[in-house]
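All the letters of the sequence shown, read from the start, carry residue numbers 11 to 457 under my numbering.
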Amino acid sequence: MSDARITFDTSESGAWGTSESTPMANMTENLNLQRALLRYMSHSPTVRLLDRVKVVSIDREDKEGGLGWPLVHLSNGTTLRTRLLVGADGFNSPVRSYAGISSYGWAYDTQAIVATLNHPERSQFELPNNTAYQRFLPTGPIAFLPLSPTTSSLVWSTKPRLASTLTKADPAVLASMINAAFRLPEVSVRYLHESILDAHDADKPLSHSQIMEEIAWRERSHDISRHSAYNSTSSVVSERGVPPDDSGSLPPLVTSIQPSTIASFPLRYNHTDSYIGEGAGSRTVLIGDAAHTVHPLAGQGLNLGLADVEALARCISSTVMQGGDIGSYTALLPYARERYFENHKVMSAVDKLHKLYSSTAEPVVWARSVGVEVLNELDSVKAALMMNAGAYGRKRNLGSGWDVIASGFSLATGVVNATKIIGGGMTGLLGVGLQSLSKTLNQTNSK
11 MSDARITFDT SESGAWGTSE STPMANMTEN LNLQRALLRY MSHSPTVRLL
61 DRVKVVSIDR EDKEGGLGWP LVHLSNGTTL RTRLLVGADG FNSPVRSYAG
111 ISSYGWAYDT QAIVATLNHP ERSQFELPNN TAYQRFLPTG PIAFLPLSPT
161 TSSLVWSTKP RLASTLTKAD PAVLASMINA AFRLPEVSVR YLHESILDAH
211 DADKPLSHSQ IMEEIAWRER SHDISRHSAY NSTSSVVSER GVPPDDSGSL
261 PPLVTSIQPS TIASFPLRYN HTDSYIGEGA GSRTVLIGDA AHTVHPLAGQ
311 GLNLGLADVE ALARCISSTV MQGGDIGSYT ALLPYARERY FENHKVMSAV
361 DKLHKLYSST AEPVVWARSV GVEVLNELDS VKAALMMNAG AYGRKRNLGS
411 GWDVIASGFS LATGVVNATK IIGGGMTGLL GVGLQSLSKT LNQTNSK
């Protein structure tokens with residue numbers, strides 16, 4: 011709802027002594043990860059892979075004088091008796107239910123749309139397709155994530171009714187709406203959303219030509235030049251010619267969507283009270299989505315899960331080397347101590363970010379816009395965030411990035427809440443907030 015923008019460039023990571031060629035992150039399709047893991051396990055004699063079976067139930071063996079080990083009953087009639095049961099089984103985790111571990115959280119009023127997008131290759135006058143783009147709309151953020159020179163991944167968080175309508179529409183309509191969502195002013199994006207919903211409710215869905223005609227009219231009304239990258243319907247710029255000056259500010263134009271890649275799922279915040287089972291649920295431990303789920307706007311869900319796996323593997327290895335019991339509570343405690351607060355810190359920052367950008371109140375829009383513009387000038391802080399958001403930062407133990415952003419969003423949320431009560435005292439509150447945030451940043455830079 012404003013022109014505020016923040017850019018993360020890997021060349022700025024030099025503030026942390028890294029090479030300019032070090033990427034902030036790597037994008038790959040899930041199929042590649044699965045294939046690599048299966049190939050690795052096929053060459054590991056210590057790993058036994060059971061597939062084409064389901065977990066029917068989990069219970070505990072009867073053992074006189076104490077609690078027995080967990081028993082996992084499979085659909086092929088096999089029963090696994092395990093010293094340690096690891097729950098890596100997603101949000102609706104049967105392992106978590108068996109262990110009796112409670113959780114807290116809430117459902118967001120948003121639904122995620124995901125798809126794989128096709129687009130032209132960048133011209134020789136442009137940078138390669140290695141930049142991720144994200145725009146924050148009041149209905150939720152839309153993200154464009156590069157996969158290859160001609161394909162990218164979409165993660166669009168929006169209202170459930172709109173998500174349902176768009177996923178059922180002609181894929182060409184969805185492709186045009188994606189282009190418009192990154193380019194048109196928010197007022198026109200909102201009008202397009204309302205038009206699609208009204209047409210769907212009347213059982214007269216808009217065709218691709220109708221959507222394109224409406225987008226073209228909107229571009230003319232906003233005086234968007236045919237020579238601008240913000241024009242998605244009547245651009246006179248050749249795909250292989252000299253690009254407009256603002257081409258780097260936007261993702262490539264989506265031309266089509268790969269078949270069978272459009273999907274949608276609800277979003278929620280959820281965190282378990284513990285990662286380790288006790289009592290009747292002992293000898294269990296949770297990792298990944300079984301322990302925590304977070305809004306995808308920062309792309310940290312998988313990263314948090316992988317960090318869980320790494321920490322748990324170290325914990326188990328250390329226990330084995332010392333001759334301990336890997337299923338005991340004391341052996342698993344270091345894992346929980348290492349990961350619980352780190353995960354909670356990232357999850358809280360992302361949740362605050364989502365709530366902050368969901369507001370359309372003018373004082374809030376102004377405050378967050380100023381905050382984004384100020385943060386965009388703080389290269390060392392942006393470097394800390396880049397290093398911590400990707401895998402490289404964990405190798406170097408750069409953990410201050412999320413501390414800073416969590417602190418900043420706590421202050422911003424306080425400003426938001428205060429404006430609801432005071433209204434006119436915005437400037438003074440923001441001044442205090444920025445002073446406090448500046449103090450936090452200075453303390454972080456001095457560490």
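C-beta atoms are modelled at their ideal positions from N, C-alpha and C, and glycine is treated no differently. No experiment lies behind these values; they were computed from the predicted model shown.
- Scanning 142, 128, 255 for the CA closest to the CA of residue 182 turns up 128.
- For residue 203, there is no enclosing beta strand (DSSP E); the residue is part of the alpha helix (DSSP H) that begins and ends at 196 to 211.
- In this structure residue 322 touches residue 297 by the C-beta definition: roughly 6 Å separates them, less than 8 Å.
- Per DSSP, the unbroken beta strand (DSSP E) holding residue 273 starts and ends at 273 to 282.
- Taking a C-beta distance under 8 Å as the contact criterion, residue 66 and residue 52 do not qualify as a contact pair.
- Note on geometry: alpha-carbon atoms of residue 329 and residue 337 lie some 10 Å from one another.
- Within the same chain, 194, 198 come within 7 Å of residue 228 by CB-CB distance, once the 5 residues on both sides are set aside.
- The C-beta of residue 293 has 16 or more other C-beta atoms within 10 Å across all chains shown, which makes the residue buried.
- In the three-state reduction of the DSSP assignment, residue 311 falls in the helix class.
- Residue 106 is a Cβ neighbour of residue 300, given a cutoff of 8 Å.
- The beta carbon of residue 375 is closer than 7 Å to those of 11, 12 in its chain, skipping five residues each way along the sequence.
- Within its own chain, the residues whose Cβ lies closer than 7 Å to the Cβ of residue 175, once the five positions on either side in sequence are excluded, are 206, 207, 210, listed in chain order.
- Counting only the Cα atoms, residue 81 lies some 19 Å from residue 342.
- For residue 52, the enclosing alpha helix (DSSP H) stretches over residues 40 to 52.
- In its chain, beyond the 5 residues on either side, 78, 79, 81 have a beta carbon closer than 6 Å to the beta carbon of residue 71.
- Scanning the stretch 300 to 349 from its first residue to its last, the whole alpha helix (DSSP H) runs of 4-plus residues come out as 311 to 331.
- In the structure shown, residue 35 falls within a coil segment according to DSSP collapsed to helix, strand and coil.
- Boundaries around residue 184 are those of the alpha helix (DSSP H), 181 to 193, since no beta strand (DSSP E) includes it.
- Look at residue 134 here: in three-state DSSP terms it is coil, with no helix or strand label.
- Minimum Cα-Cα distance from residue 188 among the listed residues 356, 100, 369, 145 corresponds to 145.
- A distance below 8 Å between beta-carbons, with the five flanking residues on each side excluded, links residue 69 to the following residues of its chain, in chain order: 80, 81, 83, 108.
- Straight-line measurement puts the Cα of residue 277 at about 32 Å from the Cα of residue 138.
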